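Protein sequence lines, in the order shown, are assigned to chains R and W. For what it's worth, our numbering labels the leading residue of the first sequence as 33, then goes sequentially. For what it's worth, our numbering labels the leading residue of the second sequence as 33, then goes sequentially. Have a look at the structure below, then the notes.
Number of protein chains: 2
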Amino acid sequence: MGLAKTEMFTNQQNEIALFAKVFGHPARVSILQHLFKIDSCVCGDLVSEIGLAQPTISQHLKELRHLGLIKGNVEGTSVCYCINTENWTKMKETMLQFLNQDISTKEDCC
Amino acid sequence: MGLAKTEMFTNQQNEIALFAKVFGHPARVSILQHLFKIDSCVCGDLVSEIGLAQPTISQHLKELRHLGLIKGNVEGTSVCYCINTENWTKMKETMLQFLNQDISTKEDCC
DNA sequence: TTAAATAATTGCAATATTACGATAAATGTC
DNA sequence: GACATTTATCGTAATATTGCAATTATTTAA
Chain R
33 MGLAKTEMFT
43 NQQNEIALFA
53 KVFGHPARVS
63 ILQHLFKIDS
73 CVCGDLVSEI
83 GLAQPTISQH
93 LKELRHLGLI
103 KGNVEGTSVC
113 YCINTENWTK
123 MKETMLQFLN
133 QDISTKEDCC
Chain W
33 MGLAKTEMFT
43 NQQNEIALFA
53 KVFGHPARVS
63 ILQHLFKIDS
73 CVCGDLVSEI
83 GLAQPTISQH
93 LKELRHLGLI
103 KGNVEGTSVC
113 YCINTENWTK
123 MKETMLQFLN
133 QDISTKEDCC
């Protein structure tokens with residue numbers, strides 16, 4: 033199949049999975065880290081920064097944009113990308129809720 | 033292709049992507065949440081809990097086990113699963129480092 | 001208008017993922 | 001041993017992902 037049966041899970045579970053999925057490729061992790069590192073927008077130097085072809089980077093950027101984690105603005109012939117801070121914060125809350133599940137009450141029974 | 037070019041990324045970037053990938057399916061998110069929720073090990077009631085077939089759940093458990101996030105112990109004819117708390121904590125540190133990247137210095141330039 | 005620069009889209013090949021029926025393996029019970 | 005219970009593995013079909021060459025916008029400069 034290759035198709036997740038999303039209808040049997042909660043919205044929260046599907047949302048977590050969607051965010052996680054987009055982080056599930058090192059190129060997208062790298063793009064995001066780069067956007068965080070530099071203190072301004074990136075105007076299309078991601079292709080030279082990361083070693084992938086231009087259509088490949090463009091595709092990864094599209095996925096990040098569709099999830100709302102980055103914003104892109106046309107500036108002349110190039111496009112300026114940066115983190116969508118508001119949505120990043122929202123995403124972070126969702127992911128932290130998942131990652132910070134209470135572990136203290138568990139005894140190591142296995 | 034379908035194959036990520038991991039050699040062009042840092043170990044940290046690949047590690048983040050691997051963890052994120054395993055969270056990238058709602059069934060695995062659901063399994064983990066269930067293992068956290070109950071205060072003891074789960075002895076194979078995950079199949080009835082989640083609505084997927086037994087081989088499918090078994091496959092998802094395998095992936096979680098291979099990443100070290102859960103432990104499984106044979107108890108009679110069934111297997112007892114629980115969170116690997118030590119590895120979960122390590123994973124969390126890696127993911128938090130990624131999620132908590134400093135956003136404060138960014139002006140919304142796009 | 002033509003050409004250059006840059007990014008998006010299309011099309012496609014290679015590989016990965018998901019799901020599950022069928023089967024096998026492991027253990028416990030009689 | 002024969003059988004039941006439970007989980008893992010195998011095989012396979014359907015779909016998704018990744019990467020890039022080729023092409024198509026889109027905008028700027030000359």
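Backbone N, C-alpha and C fix where the C-beta goes; we use that ideal spot for every residue, glycine too. Note that the structure is a prediction, hence the values are computed from the model and not measured.
When only Cα atoms are considered, THR109 of chain W and HIS98 of chain R end up about 46 Å apart. Annotated three-state conformation of ILE48 of chain W is helix, per DSSP.
In this structure, the alpha-carbon of ILE115 of chain R lies about 18 Å from that of LYS53 of chain R. Within 10 angstroms of the beta-carbon of GLN86 of chain R lie fewer than 16 other beta-carbons, which makes it exposed. Under the three-state reduction of DSSP, ILE115 of chain W is assigned to strand.
Under a criterion of Cβ atoms nearer than 8 Å, the residues of chain R adjacent to GLN45 of chain W are, in order, PRO58, VAL61, SER62 and GLN65. The three-state reading of DSSP puts SER136 of chain R in coil, since its state is none of H, G, I, E or B. In the DSSP assignment, GLU95 of chain R falls within the unbroken alpha helix (DSSP H) covering 86-98. Residue state for SER72 of chain W is assigned as coil, using DSSP reduced to three classes.
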